[in-house]
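Engineer:
Chains as they are written, first to last, in my numbering: chain G, 1251 to 1435; chain Y, 11 to 147.
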């Protein structure tokens, strides 16, 4: 029984749970969109004085910050109580493709080449994480949403703008994966 | 107490994202290389159930727990902002292996260096706010 919980959860169960979370948020009078929190954090930090975009009633968004805190706790619970620390079971094709970039087969959920302490203490390693975060933060607000807001909530409502955004996610993702990552690593 | 339900939903979200391995850089690479169904299965299942559920909410005019109608607001029509913004987002997603939700789940999971990614995502959002009026939308 315990293995059912500690092994990788199936895609269908996980997908259904995410849809369930979206419906609960709708039932509670809100909507599922995680990256709005980044804007809220800027507003709460008083950046509304620097840019009008952050001058709004951010306190109406506290529920989403609470959701964010919950997500951190959820990650902690998953690691401490629901995991066996087995490496992520990705496809052999991916392992051999990544080996060509000099990234070793998984030993946990994340590659030490990116998230290890040695990696981030180098200028290049720090730069990779900083650029990645910068583009996610900039792009999600420019596009008006991230994976939860566009790919899940927006597509569920059959919104064309969300479909265009998701096409953009893939254009960017494919360019990074096939053209830029080989230049970086 | 009114926030407790959002805390619980957040915890469930964090556990699901971690246990489905959607927070893993490796899984995102596998997805962008089209070498496994896993991530497409997660997002696809959520969207298919989402489409059915949203259609039912609209058809039966279901109300939220305050008694207000659950309404959906059409996003403003444009191509530029969604395509450009989405592409920049995708570049960052494939590089860091995390969109905003999974970033914080990773921090809770113990990958503390993901804090750098998250802090720079906040800075990226701030830069967008500064440049907003100069960008094509």
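All residues carry an ideal CB built from backbone N, CA and C; glycine is no exception.
Please classify residue 87 of chain Y: does DSSP put it in a helix, a strand, or coil?
Structural biologist: Along the second chain, one-based indexing puts residue 87 of chain Y at 77. In the structure shown, residue 87 of chain Y sits in coil (DSSP, three-state: anything other than H, G, I, E or B).
Engineer: Are the stretch 32-42 of chain Y and the stretch 1340-1350 of chain G touching, with three or more C-beta to C-beta distances below 8 Å?
Structural biologist: Touching, yes.
Engineer: Which residues of the stretch 1335-1354 of chain G have a Cβ closer than 9 Å to any Cβ of chain Y? Give them in chain order.
Structural biologist: Under the 9 Å Cβ criterion, the stretch 1335-1354 of chain G contributes 1337, 1338, 1339, 1340, 1341, 1342, 1343, 1344, 1345, 1347, 1348 and 1353.
Engineer: Do the CB positions of residue 135 of chain Y and residue 1391 of chain G come within less than 8 Å of each other?
Structural biologist: Here residue 135 of chain Y refers to the residue found at position 125 when the second chain is read from its first residue. Here residue 1391 of chain G refers to the residue found at position 141 when the first chain is read from its first residue. Cβ atoms of residue 135 of chain Y and residue 1391 of chain G: closer than 8 Å.
Engineer: Looking only at DSSP bridge pairs, what is residue 79 of chain Y linked to?
Structural biologist: On the second chain, position 69 is the one that residue 79 of chain Y refers to. Y/73, per the DSSP bridge assignment.
Engineer: Give the DSSP-derived three-state secondary structure of residue 146 of chain Y in the structure shown.
Structural biologist: Here residue 146 of chain Y refers to the residue found at position 136 of the second chain. Coil.
Engineer: Taking just the CA atoms, how far does residue 68 of chain Y sit from residue 1384 of chain G?
Structural biologist: Here residue 1384 of chain G refers to the residue found at position 134 of the first chain. Here residue 68 of chain Y refers to the residue found at position 58 of the second chain. Residue 1384 of chain G and residue 68 of chain Y: Cα-Cα distance of roughly 37 Å.
Engineer: My assumption, with CB atoms under 8 Å, is that residue 34 of chain Y sits in contact with residue 1359 of chain G. Please give the rounded CB distance.
Structural biologist: Residue 34 of chain Y sits at position 24 when you count from the first residue of the second chain. Residue 1359 of chain G sits at position 109 when you count from the first residue of the first chain. At roughly 4 Å, the Cβ-Cβ gap stays under 8 Å, so residue 34 of chain Y and residue 1359 of chain G are in contact.
Engineer: Between the alpha carbons of residue 137 of chain Y and residue 128 of chain Y, how many angstroms are there, rounded?
Structural biologist: For the purposes of this step, residue 137 of chain Y is taken as residue 127 along the second chain, with counting starting at 1. For the purposes of this step, residue 128 of chain Y is taken as residue 118 along the second chain, with counting starting at 1. C-alpha separation (whole angstroms): 14 Å.
Engineer: Just curious, the alpha helix (DSSP H) that residue 1411 of chain G is in, first and last residue?
Structural biologist: In the first chain, residue 1411 of chain G corresponds to position 161, counting from 1. Residue 1411 of chain G -> alpha helix (DSSP H) spans 1410-1425.
Engineer: Got a sec: is the Cβ-Cβ distance from residue 1372 of chain G to anything in chain Y below 8 Å?
Structural biologist: Locating residue 1372 of chain G in the first chain gives position 122, where the first residue counts as 1. It does not; no Cβ of chain Y falls within 8 Å.
Engineer: Nearest CA to the CA of residue 87 of chain Y: which residue from Y/119, Y/147 and Y/80?
Structural biologist: Start at 1 with the first residue of the second chain, and residue 87 of chain Y comes out as number 77. When only C-alpha atoms are compared, the closest one is Y/147.
Engineer: For residue 1399 of chain G, which residues of its own chain have a beta-carbon under 6 Å away from its beta-carbon, when the five flanking residues on both sides are left out?
Structural biologist: By one-based count along the first chain, residue 1399 of chain G stands at place 149. 1283, listed in sequence order.
Engineer: Taking one C-beta from the stretch 51-60 of chain Y and one from the stretch 1346-1366 of chain G each time, how about it: are there three or more such pairs within less than 8 Å?
Structural biologist: Segments in contact, no.
Engineer: With three or more beta-carbon pairs closer than 8 Å as the criterion, would you say the stretch 17-35 of chain Y touches the stretch 107-127 of chain Y?
Structural biologist: Yes, the stretch 17-35 of chain Y touches the stretch 107-127 of chain Y.
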